[in-house]
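The structure under discussion appears below in the form of structure tokens.
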Amino acid sequence: MQFGDWWHPLGVLAVFAVVQTLEGLVISPKIMGDRVGLHPLSIIIAVMVGTTLLGGLLGGILAIPLTAALRVLMFRYVWKKREDRN
Numbered sequence: 003m004q005f006g007d008w009w010h011p012l013g014v015l016a017v018f019a020v021v022q023t024l025e026g027l028v029i030s031p032k033i034m035g036d037r038v039g040l041h042p043l044s045i046i047i048a049v050m051v052g053t054t055l056l057g058g059l060l061g062g063i064l065a066i067p068l069t070a071a072l073r074v075l076m077f078r079y080v081w082k083k084r085e086d087r088n
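According to our numbering, the sequence shown holds residues 3 to 88 in order.
Now the structure itself:
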């Protein structure tokens with residue numbers, strides 16, 4: 003407010019909104035996906051589904067570990083490599 007206009011505070015809010023959006027939709031899923039072994043899009047979908055089904059903060063916290071565990075189970079028991087029986 004020291005400049006006496008509204009452009010400076012609006013500029014700060016715009017930069018903050020852009021940085022928060024990039025961090026939430028690009029950077030964090032990429033980092034978590036690399037560490038857990040999941041695609042960043044699956045991280046975003048897992049958090050959205052987890053917060054919807056399990057509710058709020060608890061669903062958001064448990065979404066990624068549950069998705070990683072589901073991925074391991076699917077690879078181990080459902081998507082097994084089939085051996086050639088020649």
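Glycine included, C-beta positions come from ideal geometry on N, C-alpha and C.
Asked                                                                             : Found
Q22, DSSP secondary structure in three states                                     : helix
Rounded straight-line distance, which links the Cα of K32 to that of V49          : 13 Å
Three or more C-beta pairs below 8 Å linking the region 6-16 and the region 36-44 : no
Local conformation of L68 per DSSP, three classes                                 : helix
DSSP-derived helix/strand/coil call for F77                                       : helix
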